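To start, the structure under review is shown below, and the notes come after it.
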Amino acid sequence: MNGAHDLGGVHGFGPVVSEANEPTFHADWEGRVFALTLAAGRAGQWNIDMGRFARENRPPADYYAKSYYEIWLAGLEAMLAERDLVSANEIDVGRPLGEPKKVAAILQHGSVAAALHSGRPTERPASVPARFRIGDRVRAKNIHPTTHTRLPRYVRGRPGTIERLCGYHVFPDTNALGQGENPQWLYTVRFDARDLWGPEADQMLKVSVDAWEPYLEIADP
Amino acid sequence: MPHEHEHEHGGSHLSDVELRVRALESVLLQKGYIDPAAIDLLIESYEKKIGPRNGARVVAKAWVDQEFKQRLLAEPAQTLASLGYAGMQGEHTTVVENTPKLHNMVVCTLCSCYPWPVLGLPPVWYKSGPYRSRAVMDPRGVLCDFGVELPDDTEIRVWDSTAEMRYLVLPMRPLGTEAWSEERLASLVTRDCMIGTGLPQITEGTAP
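Top line first, the protein sequences correspond to chains D and B. Okay, so the first sequence: first residue is 2 according to this note's numbering, each after it adds one. Okay, so the second sequence: first residue is 22 according to this note's numbering, each after it adds one.
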């Protein structure tokens with residue numbers, strides 16, 4: 002979706018301000034939201050792409066008004082409600098108003114270390130050959146899906162060069178919709194800054210994105 | 022960032038969002054969807070164990086051990102895993118090396134993707150509008166915000182983490198550190214050096 006989250010090249014945010022000796026969490030509730038999101042992900046059985054979409058899919062004014070972990074909280078509440086696991090009413094009153102749903106797995110204390118250590122790799126065995134080769138000139142497609150995608154707006158329609166094959170990876174655009182992993186070849190595509198930002202751009206700047214094959218087409222000769 | 026409304030609650034001040042999170046956690050617990058000990062352990066893991074000291078150890082080792090550095094660049098995920106740095110949000114990590122001609126910088130313009138096993142959770146600025154909007158368009162301006170100035174003829178390469186590939190910057194070893202131990206070298210390697218918004222600096226405060 003062309004959402005408020007897609008920030009590359011937006012003006013007006015001002016300088017980057019770094020905080021000295023920044024804590025991991027700025028309040029206890031931030032740590033709770035972070036951990037609840039990870040743990041509830043097991044019970045709710047949504048995938049990372051559904052999680053990202055739940056966070057980015059909100060009105061721009063709301064996205065910008067919320068802090069980072071407030072967005073996580075809103076995303077978690079939305080996913081729990083959509084799956085009839087926890088309703089907004091239940092959070093309002095702080096207690097269950099119905100029977101719990103049967104869930105496949107609960108993240109237990111004893112399995113946290115193993116869960117963090119194994120992670121969730123997204124590479125899958127390839128079933129088709131890669132369409133592009135290193136050095137190929139490609140163009141990011143000019144597409145505007147209203148659903149989850151990981152092709153940022155600032156590269157759409159721009160020419161770039163295939164720099165690396167990253168393997169055959171779960172495709173977020175379908176995975177976020179519950180339409181399956183549908184793995185696709187993933188490439189690192191390098192862009193000259195002048196192809197992104199015009200002739201005045203820094204000529205010593207190159208920017209890359211990691212793009213799945215369906216995001217790309219052969220560049221015009 | 023909006024201010025939170027304060028409420029009196031049980032003798033302590035709790036904001037709306039704190040109350041909401043407590044209520045949510047309570048419902049999740051009563052419904053049997055979470056193990057509270059697992060929640061505590063997740064928080065503790067990222068507050069105490071999984072942070073940029075991990076990455077600093079990797080960088081210092083690469084500075085003193087050429088064979089390790091070559092493996093780190095060629096097979097990053099396996100090499101990091103051999104040191105115990107693997108898993109969540111580091112499943113597919115690439116190490117990118119700075120040289121006198123090339124400076125690397127990492128961003129996630131779409132959210133907050135970051136190599137957790139080696140750097141921990143990202144700082145607020147990395148997740149914020151100013152960094153995500155400008156890193157891909159004006160990285161020299163961003164570096165200026167961090168007090169870093171690069172020569173005009175240094176190529177800047179910005180890696181936008183749009184997929185599950187994660188990036189760790191291998192900064193250049195500062196001159197004058199030839200006799201330093203690996204541990205002392207690690208003390209020079211800040212989080213920002215490994216994102217590409219900082220450079221290792223020898224200062225008076227550097228650990229002896």
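Where is the CB? At the ideal position from N, CA and C, for every residue including glycine. Since the model is a prediction, treat every value here as computed from it, not as a measurement.
Query                                                                                                          : Result
Ile49/D Cβ short of 6 Å to the ligand GDP heavy atom set                                                       : Among the components modelled here there is no ligand, and therefore nothing to report on the ligand GDP.
Gln185/D, buried or exposed, once every other Cβ within 10 Å from all chains shown has been counted against 16 : buried
Cross-chain neighbours of Val210/D in chain B, by beta carbon under 7 Å                                        : Asp181 and Thr183
Any C-beta of chain B under 7 Å from that of Asp193/D                                                          : no
Interface partners of Trp30/D on chain B, CB under 7 Å                                                         : Val38, Glu39 and Val42
Length of the line joining the Cα atoms of His24/B and Arg140/D                                                : With a pLDDT of 46 at His24/B, under the threshold of 50, the predicted position of this residue should be treated as unreliable, though the coordinate-derived value follows. Each residue's Cα considered, the two are about 44 Å apart.
Burial state of Glu29/B, where buried means 16 or more other Cβ atoms lie within 10 Å                          : Unreliable placement is indicated for Glu29/B, whose pLDDT of 45 sits below 50; no coordinate value is reported for it.
Beta-carbon proximity check, Pro192/B vs Asn119/B, cutoff 7 Å                                                  : yes
Inter-residue Cα distance where the pair is Gly111/D and Arg159/D                                              : 48 Å
Rounded separation between Leu74/D and Trp137/B - CA only                                                      : 20 Å
CB contact below 7 Å: Ile92/D versus chain B                                                                   : yes
Same chain only: Cβ atoms within 6 Å of Trp213/D, ignoring 5 sequence neighbours per side                      : Phe172, Gln185 and Leu187
Cβ-Cβ separation, Asp174/D to Pro146/D (assumed contact under 8 Å), whole Å                                    : 7 Å
Closest residue to Arg59/D among Arg132/D, His27/D, Arg33/D and His149/D (Cα-Cα distance)                      : His149/D
Cβ-based neighbour list, Thr100/B, same chain, cut-off 6 Å, excluding 5 preceding and 5 following              : Arg92 and Leu93
Counted within 10 angstroms of its Cβ, other Cβ atoms place Leu196/B as buried (16 or more) or exposed         : exposed
Gln91/B, enclosing alpha helix (DSSP H) - first and last residue                                               : Gln87 to Ala95
Ala202/D in three-state terms, based on DSSP                                                                   : coil
Through-space distance from Ile177/B to Glu201/D, alpha-carbon basis                                           : 16 Å
7 Å Cβ cutoff, Pro151/B in contact with chain D                                                                : yes
Where Gly105/B sits in the DSSP three-state scheme                                                             : coil
For Ser154/B, three-class secondary structure by DSSP                                                          : helix
Any C-beta of chain B under 7 Å from that of Asp7/D                                                            : yes
Val116/B beta carbon less than 7 Å from that of Pro97/B                                                        : yes
Backbone secondary structure at Glu29/B - three-state DSSP                                                     : With a pLDDT of 45 at Glu29/B, under the threshold of 50, the modelled position of that residue is not reliable, and the figure given next carries that caveat. The answer is strand: DSSP assigns Glu29/B an E or B state.
Residues within the region 55-81 of chain D neighbouring chain B, beta-carbon criterion of under 9 Å           : Arg56, Glu57, Tyr65, Ala66, Lys67, Ser68, Tyr69, Tyr70, Glu71, Leu74, Leu77, Glu78 and Leu81
Closest residue to Cys129/B among Pro144/B, Leu123/B and Arg161/B (Cα-Cα distance)                             : Pro144/B
Closer than 7 Å to chain D by CB, Lys148/B                                                                     : yes
7 Å Cβ cutoff, Ala58/B in contact with chain C                                                                 : Going by chain labels, chain C is absent from the structure shown, which instead holds the protein chains D and B.
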